[in-house]
Amino acid sequence: MESFFSRLKVELIYPKNYRTIEEARSGIFAYIEIFYNRKRRDSANDGMNPVAFEEQAAMAA
Numbered sequence: 001m002e003s004f005f006s007r008l009k010v011e012l013i014y015p016k017n018y019r020t021i022e023e024a025r026s027g028i029f030a031y032i033e034i035f036y037n038r039k040r041r042d043s044a045n046d047g048m049n050p051v052a053f054e055e056q057a058a059m060a061a
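Anchor point for the sequence shown: position 41 equals 41 in the UniProt record's numbering, and the numbering is continuous, going up by one each time.
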């Protein structure tokens with residue numbers, strides 16, 4: 001969890017200037033659901049994004 005929150009702060013929170021709580025919520029949601037969970041490459045997955053890793057695992061099964 002600490003690693004996740006660190007990445008969230010560095011990649012999203014610090015570079016942005018949110019004017020409202022709703023803008024922040026929307027930005028955080030998009031970061032987690034669109035970028036972090038689907039597109040961001042992960043060293044634990046041999047540098048693949050989660051979607052590609054799951055597709056490869058499904059084909060191997």
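C-beta atoms are modelled at their ideal positions from N, C-alpha and C, and glycine is treated no differently.
Nearest-angstrom beta carbon gap, Ala-24 and Tyr-18 [assumed within contact, 8 Å]
One-based indexing of the sequence shown puts residue 18 at position 18. One-based indexing of the sequence shown puts residue 24 at position 24. Yes, Tyr-18 and Ala-24 are in contact; Cβ-Cβ is about 4 Å, under 8 Å.
How big is the Cα-Cα spacing for Ser-43 and Pro-15?
Sequence index remark: in the sequence shown, residue 43 carries index 43 (1-based). Sequence index remark: in the sequence shown, residue 15 carries index 15 (1-based). Ser-43 and Pro-15 have their alpha carbons spaced roughly 24 Å apart.
DSSP state of Met-48, grouped into three classes?
Along the sequence shown, one-based indexing puts residue 48 at 48. Residue state, collapsed to three classes: strand.
According to the Cβ coordinates, are Val-51 and Arg-41 closer than 7 Å?
Within the sequence shown, residue 51 is the residue found at index 51, counting from 1. Within the sequence shown, residue 41 is the residue found at index 41, counting from 1. Taking 7 Å as the cut-off, the Cβ atoms of Val-51 and Arg-41 do not count as close.
Spatial distance of Glu-54 from Met-48 (CA atoms):
Here residue 54 refers to the residue found at position 54 when the sequence shown is read from its first residue. Here residue 48 refers to the residue found at position 48 when the sequence shown is read from its first residue. The alpha-carbon atoms of Glu-54 and Met-48 are separated by roughly 10 Å.
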